[in-house]
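Throughout the sequence shown, residue numbering follows the working numbering, covering 1 to 357 in sequence. One structure is given below, encoded as structure tokens.
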Amino acid sequence: METSTAVEHLNRIVRQTLSLSRKFGQDEHDDIEWRWARWDWSIGVAFYGIAEAHDIAPHAGWYEEMRQWIDAKIDSGMNNVCVNSTMPLNAVLSLRERKNDPEYEKICDRYDRYLMREQKRTPSGAIPHFMSNGGAAAEIWADTLFVSVIYLARRGAELGEKSYVREAVKQLVLHMTKLKDESSKLYFHGWDDVASKPLGFLWGRGNAWVTASAVDILQYEPEDTQEKRLAVGMLNEQLDALARLQDESGLWRTVLDRPDSYLETSVTAGVAYGILKGIRLRLVDEKFKPAADRAMTAVMANIDSEGNVQGGSSGTAVQADLEGYQTVPLQVTPFTQGLGLLAVGEWIRSQRTKASQ
Numbered sequence: 001m002e003t004s005t006a007v008e009h010l011n012r013i014v015r016q017t018l019s020l021s022r023k024f025g026q027d028e029h030d031d032i033e034w035r036w037a038r039w040d041w042s043i044g045v046a047f048y049g050i051a052e053a054h055d056i057a058p059h060a061g062w063y064e065e066m067r068q069w070i071d072a073k074i075d076s077g078m079n080n081v082c083v084n085s086t087m088p089l090n091a092v093l094s095l096r097e098r099k100n101d102p103e104y105e106k107i108c109d110r111y112d113r114y115l116m117r118e119q120k121r122t123p124s125g126a127i128p129h130f131m132s133n134g135g136a137a138a139e140i141w142a143d144t145l146f147v148s149v150i151y152l153a154r155r156g157a158e159l160g161e162k163s164y165v166r167e168a169v170k171q172l173v174l175h176m177t178k179l180k181d182e183s184s185k186l187y188f189h190g191w192d193d194v195a196s197k198p199l200g201f202l203w204g205r206g207n208a209w210v211t212a213s214a215v216d217i218l219q220y221e222p223e224d225t226q227e228k229r230l231a232v233g234m235l236n237e238q239l240d241a242l243a244r245l246q247d248e249s250g251l252w253r254t255v256l257d258r259p260d261s262y263l264e265t266s267v268t269a270g271v272a273y274g275i276l277k278g279i280r281l282r283l284v285d286e287k288f289k290p291a292a293d294r295a296m297t298a299v300m301a302n303i304d305s306e307g308n309v310q311g312g313s314s315g316t317a318v319q320a321d322l323e324g325y326q327t328v329p330l331q332v333t334p335f336t337q338g339l340g341l342l343a344v345g346e347w348i349r350s351q352r353t354k355a356s357q
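In structure tokens:
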């Protein structure tokens with residue numbers, strides 16, 4: 001595909017994503033409306049993708065529309081501090097680079113305290129995605145890496161706070177170690193850190209969260225530490241396994257090791273992004289580039305004329321059985337839009353680099 005065509009895809013996805021973010025109210029009984037309207041991880045992934053798209057194909061209006069959404073909802077973000085509500089802080093950091101608003105610094109400080117000091121850890125020391133009162137249950141999810149730990153690493157780099165970056169890398173390694181299935185080198189959706197057992201299955205988007213998060217977190221660790229080397233090694237092992245499971249269409253499945261599981265776009269976009277950016281940052285072996293190229297062909301084929309990234313599964317909590325994953329519907333969501341933007345943006349970047357050599 002020509003780079004110019006990919007840029008058109010990028011612009012179309014951004015326009016549609018921003019349009020959908022304006023369209024919906026806040027009916028918490030409607031899952032789709034809730035995901036677009038509420039300060040939470042879903043819209044945070046969309047805005048993360050838009051910020052990346054702006055770096056590739058700048059458009060002044062995109063940041064203004066994000067700013068309007070963030071400013072209107074920022075009180076909600078302050079009043080509902082949790083792992084999932086951290087994700088929009090990445091948009092706040094991007095906005096702060098353009099406008100020094102004291103409200104932005106205030107909310108960042110609030111989440112810094114939460115992530116570094118207030119949030120209780122699991123018995124292994126991980127940030128829990130879910131913890132019951134009293135700690136009788138403490139669940140580690142792959143999702144946490146993307147929706148909160150990336151922010152922690154990025155914020156640490158911005159402030160020059162090495163302790164934040166070190167904690168982020170520590171969390172990455174802890175999550176990868178606990179969630180890893182040693183036989184397949186892939187990652188379970190969750191881990192019960194009290195009962196010491198895996199939760200869910202080898203979920204596709206969960207593995208994409210790991211791939212993309214590893215690259216986005218490690219970019220902020222300039223030193224060649226033992227933990228960084230360990231994470232890089234596990235990441236490349238995962239990609240070896242993923243390359244073997246890629247469908248001939250270029251897509252991966254919603255449950256990776258189940259041939260009867262449906263093919264899914266968000267996992268494909270997230271993995272492609274992680275591979276392409278990882279190669280650029282010299283964290284990922286270049287041998288995985290063909291898998292990323294096949295994935296990108298599939299992702300771009302799922303972008304419709306309006307800019308919707310089709311074929312992505314809806315929100316998915318840890319499921320007790322395989323059927324729980326198999327029956328999650330395909331929907332246009334903020335997070336599939338965001339992952340699509342990240343992947344297309346990184347592919348454009350790789351093509352421009354290739355053309356300049």
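Here a beta-carbon is modelled for each residue, glycine too, at the ideal position from N, C-alpha and C.
CB of residue i within 8 Å of CB of residue j, strictly
i: residue 191; j: residue 255; result: no
i: residue 142; j: residue 210; result: yes
i: residue 51; j: residue 344; result: no
i: residue 98; j: residue 63; result: yes
i: residue 180; j: residue 187; result: yes
i: residue 53; j: residue 20; result: no
i: residue 112; j: residue 67; result: no
i: residue 352; j: residue 3; result: yes
i: residue 37; j: residue 24; result: yes
i: residue 261; j: residue 326; result: yes
Proximity to residue i [Cα-Cα], best of the options
i: residue 110; options: 162, 332, 347 and 85; result: 85
i: residue 39; options: 71, 50 and 10; result: 71
i: residue 165; options: 48, 232, 305 and 220; result: 220
i: residue 266; options: 250, 259, 258 and 278; result: 250
i: residue 189; options: 205, 237, 295 and 36; result: 205
i: residue 59; options: 8, 248 and 263; result: 8
i: residue 248; options: 294, 207 and 103; result: 294
i: residue 145; options: 357, 208 and 306; result: 208
i: residue 131; options: 195, 282, 96 and 41; result: 195
i: residue 233; options: 41, 282 and 83; result: 282
i: residue 200; options: 31, 322 and 105; result: 322
i: residue 69; options: 336, 182, 100 and 22; result: 22
Beta-carbon separation (whole angstroms), residue i vs residue j, contact threshold 8 Å
i: residue 150; j: residue 94; result: Not confirmed; about 13 Å, so no contact.
i: residue 14; j: residue 341; result: 7 Å
i: residue 45; j: residue 334; result: 6 Å
i: residue 147; j: residue 87; result: 4 Å
i: residue 303; j: residue 12; result: 7 Å
Nonlocal neighbours in the same chain, by C-beta distance under 8 Å from residue i, ignoring five residues either side
i: residue 193; result: 122, 123, 124, 126, 128, 138, 139, 140 and 178
i: residue 107; result: 74, 77, 78, 89 and 92
i: residue 169; result: 153, 217, 218, 221, 225, 227, 228 and 231
i: residue 280; result: 346, 349, 350 and 353
i: residue 119; result: 83, 127 and 128
i: residue 105; result: 96
Below-8 Å beta-carbon distance, residue i vs any chain D residue
i: residue 299; result: The question asks about chain D, but that chain is absent: this structure has only one protein chain.
Beta-carbon contacts of residue i that lie in its chain and below 7 Å, excluding the five residues immediately before and after
i: residue 308; result: 16 and 332
i: residue 185; result: 237, 238, 240 and 241
i: residue 330; result: 311, 312 and 313
i: residue 296; result: 272, 343 and 347
i: residue 103; result: 74
i: residue 157; result: 165 and 220
i: residue 167; result: 116 and 152
Contact set for residue i: own chain, Cβ-Cβ below 6 Å, skip 5 residues either direction
i: residue 269; result: 299, 339, 340 and 343
i: residue 115; result: 152
i: residue 278; result: 215 and 284
i: residue 65; result: 18
i: residue 354; result: none
i: residue 81; result: 114
i: residue 43; result: 334
i: residue 49; result: 338, 341 and 342
i: residue 264; result: 204, 254 and 313
i: residue 257; result: 202
i: residue 306; result: 16
i: residue 41; result: 84, 87 and 147
| message | Any contact between the stretch 317–324 and the stretch 231–251? By contact I mean 3 or more CB pairs, one from each, below 8 Å. | response | no
| Do the stretch 277–293 and the stretch 142–161 touch if we need at least three Cβ pairs shorter than 8 Å? | Under the three-pair Cβ rule at 8 Å, the stretch 277–293 does not count as touching the stretch 142–161.
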